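Numbering-wise, the sequence shown is residues 3 to 270 according to this note's numbering.
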Amino acid sequence: MRAPAITLKNEQDLEHLRISGRLAAQVLEMIAPYVKPGVSTEYLDDLCYDFIVNTLNVTPANIGYYGYTKTTCISPNQVVCHGIPAANIILKDGDIINIDVAIIKDGYFGDTSRMYFVGEIKPEAKHLVETTYAAMLAGIHAVKPGATLGDVGHAIQTVAEREGYSIVREYCGHGIGRIYHEQPNVVHYGRAGQGLKLETGMVFTIEPMVNAGGAGVKELADGWTVVTRDGNWSAQWEHMVAVTDTGFEVLSPWPEGTGDYPRLDLDK
Ligand code: MF3
Ligand code: CO
Ligand code: CO
Numbered sequence: 003m004r005a006p007a008i009t010l011k012n013e014q015d016l017e018h019l020r021i022s023g024r025l026a027a028q029v030l031e032m033i034a035p036y037v038k039p040g041v042s043t044e045y046l047d048d049l050c051y052d053f054i055v056n057t058l059n060v061t062p063a064n065i066g067y068y069g070y071t072k073t074t075c076i077s078p079n080q081v082v083c084h085g086i087p088a089a090n091i092i093l094k095d096g097d098i099i100n101i102d103v104a105i106i107k108d109g110y111f112g113d114t115s116r117m118y119f120v121g122e123i124k125p126e127a128k129h130l131v132e133t134t135y136a137a138m139l140a141g142i143h144a145v146k147p148g149a150t151l152g153d154v155g156h157a158i159q160t161v162a163e164r165e166g167y168s169i170v171r172e173y174c175g176h177g178i179g180r181i182y183h184e185q186p187n188v189v190h191y192g193r194a195g196q197g198l199k200l201e202t203g204m205v206f207t208i209e210p211m212v213n214a215g216g217a218g219v220k221e222l223a224d225g226w227t228v229v230t231r232d233g234n235w236s237a238q239w240e241h242m243v244a245v246t247d248t249g250f251e252v253l254s255p256w257p258e259g260t261g262d263y264p265r266l267d268l269d270k
């Protein structure tokens with residue numbers, strides 16, 4: 003079967019996607035003060051569910067997605083992605099976690115994720131998290147009409163590998179709109195000038211998973227949780243990005259007034 007075409011978004015679509023992206027980012031802001039040693043990842047998930055449904059009055063997109071039952075994915079330490087929130091997963095001092103949230107508002111999806119520090123963090127863990135953020139930003143800054151997805155992947159890979167880290171290959175970013183995961187696939191490695199040529203109106207996520215050790219991953223028996231093969235820690239950040247006439251627009255920006263970290267203009 004021919005792959006479905008990439009949909010180009012018009013200004014009206016973009017207005018919806020800005021709203022959905024910001025709503026998802028608001029969830030990540032809301033949960034930040036609750037990320038502390040001693041809390042379970044299920045507790046954090048419950049708070050996100052309540053906020054999405056009762057405060058934002060929108061729909062959690064992950065519940066029911068291929069049978070997934072939770073509102074967020076929460077991925078600590080060696081968990082690469084798709085960690086299932088659970089009552090027996092208790093955050094400890096020094097952990098790093100990713101919370102990934104997706105919502106639907108008026109038929110349009112918002113999908114974003116970020117890292118959080120639990121208590122006091124070791125310098126190595128902080129460096130992994132910050133390098134992954136810088137890698138995502140380098141990918142975002144490579145987005146403009148006429149550039150290619152290979153340029154984006156190459157920019158991300160370069161930042162991660164120069165620190166001795168590796169890029170996960172099995173999971174990638176994705177087009178997003180009225181469909182949660184649509185074309186194109188956005189891999190986080192690549193060669194400059196290769197791959198799909200970007201056009202104004204394309205919207206996709208950039209969500210690199212960067213491993214401190216080897217690139218290998220495996221899925222656990224629960225059918226979701228992905229961990230590093232070698233047990234080393236992994237980090238991930240995710241933004242929704244639109245290709246504009248002049249470059250890019252981040253559709254899931256951090257809410258105003260929530261501090262300057264993470265900053266979108268961080269040096270690459
Ligand atoms: N939000 C994830 C992504 O970035 C997908 C999670 S699917 C789920 O694409 F079912 F695990 F929630
Ligand atoms: Co995504
Ligand atoms: Co996501």
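Cβ atoms here follow ideal geometry from the backbone N, Cα and C, with glycine treated the same way. Please read these numbers as outputs of a predicted model, since none were measured by experiment.
*asked:* Are there any heavy atoms of ligand 1 lying less than 8 angstroms away from the beta-carbon of Cys-75, as far as the coordinates show?
replied: Reading the sequence shown from its first residue, position 73 is the one you call residue 75. The answer is yes for Cys-75.
*Hey, out of Glu-184, Ala-157 and Trp-235, whose CA is closest to Lys-124's CA?*
Residue numbering aside, residue 124 sits at position 122 when the sequence shown is read from its first letter. The shortest Cα separation from Lys-124 among Glu-184, Ala-157 and Trp-235 belongs to Trp-235.
_Extent of the continuous alpha helix (DSSP H) run through Pro-125_ = In the sequence shown, counting from the first residue as 1, residue 125 sits at position 123. Unbroken alpha helix (DSSP H) run through Pro-125: 125-143.
*Expressed to the nearest angstrom, what Euclidean distance is found between the alpha-carbon atoms of Gly-166 and Glu-251?*
Here residue 166 refers to the residue found at position 164 when the sequence shown is read from its first residue. Here residue 251 refers to the residue found at position 249 when the sequence shown is read from its first residue. Answer to the nearest angstrom: the Cα atoms are 30 angstroms apart.
*Is the beta carbon of Ala-7 within less than 8 angstroms of some heavy atom of ligand 3?*
Within the sequence shown, the letter at position 5 stands for residue 7. Not under cutoff, so the answer is no.
*Would Asn-213 pass as a contact of Val-37 if the rule is Cβ separation under 9 angstroms?*
Translated into the one-based positions of the sequence shown, residue 213 becomes position 211. Translated into the one-based positions of the sequence shown, residue 37 becomes position 35. Cβ atoms of Asn-213 and Val-37: not closer than 9 angstroms.
_Cβ distance (whole Å) where Asn-64 is taken to contact Thr-74 below 8 angstroms_ = The residue given as residue 64 occupies position 62 in the sequence shown. The residue given as residue 74 occupies position 72 in the sequence shown. Indeed, because the Cβ distance is near 7 angstroms, the residues count as touching under 8 angstroms.
*Within this structure, are the beta carbons of Pro-87 and Lys-72 separated by less than 9 angstroms?*
As a first step, residue 87 is located in the sequence shown; it is residue number 85 there, counting from the start. As a first step, residue 72 is located in the sequence shown; it is residue number 70 there, counting from the start. A contact, by the Cβ cut-off of 9 angstroms.
*Whose C-alpha, out of Asn-12, Gly-121, Lys-11 and Ala-27, is nearest the C-alpha of Glu-258?*
The residue you call residue 258 lines up with position 256 of the sequence shown. Among Asn-12, Gly-121, Lys-11 and Ala-27, the Cα nearest to that of Glu-258 belongs to Ala-27.
*For Arg-116, which three-state DSSP category applies?*
Numbered from 1 along the sequence shown, position 114 holds the residue referred to as residue 116. Looking at Arg-116 - three-state DSSP - the assignment turns out to be strand.
_Taking 9 angstroms as the threshold (C-beta atoms), are Ser-115 and Gln-238 in contact?_
Position 236 of the sequence shown, counted from the first residue, corresponds to residue 238. Position 113 of the sequence shown, counted from the first residue, corresponds to residue 115. Contact: yes.
*Taking the C-alpha atoms as reference points, what is the distance between His-129 and Arg-180?*
Taking the sequence shown and counting its residues from 1, one reaches residue 129 at position 127. Taking the sequence shown and counting its residues from 1, one reaches residue 180 at position 178. Each residue's alpha carbon lies about 36 angstroms from the other.
*How is the alpha helix (DSSP H) around Val-161 delimited, first residue to last?*
Against the sequence shown, residue 161 aligns to sequence position 159. According to the DSSP assignment, Val-161 belongs to the alpha helix (DSSP H) that extends over 151-163.
*Pick out whichever of Ser-168, Gly-203 and Asp-224 has its Cα sitting closest to the Cα of Ala-217.*
Position 215 of the sequence shown, counting from 1, holds the residue named residue 217. The residue with the shortest Cα to Cα distance from Ala-217 is Ser-168.
_Using a strict less-than 6 angstroms threshold between each residue's beta carbon and the heavy atoms of ligand 2, what residues do you get?_
Asp-113, His-176, Thr-207, Glu-209 and Glu-240
*Through-space distance from Glu-17 to Val-205, alpha-carbon basis*: Counting from one through the sequence shown, the residue named residue 205 turns up at place 203. Counting from one through the sequence shown, the residue named residue 17 turns up at place 15. Approximately 12 angstroms, taken between the alpha carbons.
*asked:* Suppose the cutoff is 7 angstroms on Cβ atoms and the five residues either side in sequence are ignored; what does the same chain contact list for Ile-142 look like?
replied: Numbered from 1 along the sequence shown, position 140 holds the residue referred to as residue 142. Within the same chain, Ile-142 has close Cβ partners Ile-208, His-241, Val-243, Phe-250 and Val-252.
*First and last residue of the alpha helix (DSSP H) that includes Val-29?*
The count along the sequence shown starts at 1 and reaches residue 29 at position 27. Looking at the DSSP string, the run of the alpha helix (DSSP H) that includes Val-29 is 13-33.
*When the Cα of Ile-92 is compared with those of His-156, Val-41 and Gly-148, which residue comes out closest?*
By one-based count along the sequence shown, residue 92 stands at place 90. It is Val-41.
_I'd like the span of the beta strand (DSSP E) that includes Glu-221, first residue to last._
Along the sequence shown, read from residue 1 onward, the residue named residue 221 stands at position 219. Where Glu-221 is concerned, the enclosing beta strand (DSSP E) stretches over 219-221.
*With distances taken between CB atoms, is the gap from Gly-96 to Gly-69 smaller than 9 angstroms?*
Locating residue 96 in the sequence shown gives position 94, where the first residue counts as 1. Locating residue 69 in the sequence shown gives position 67, where the first residue counts as 1. Cβ atoms of Gly-96 and Gly-69: not closer than 9 angstroms.
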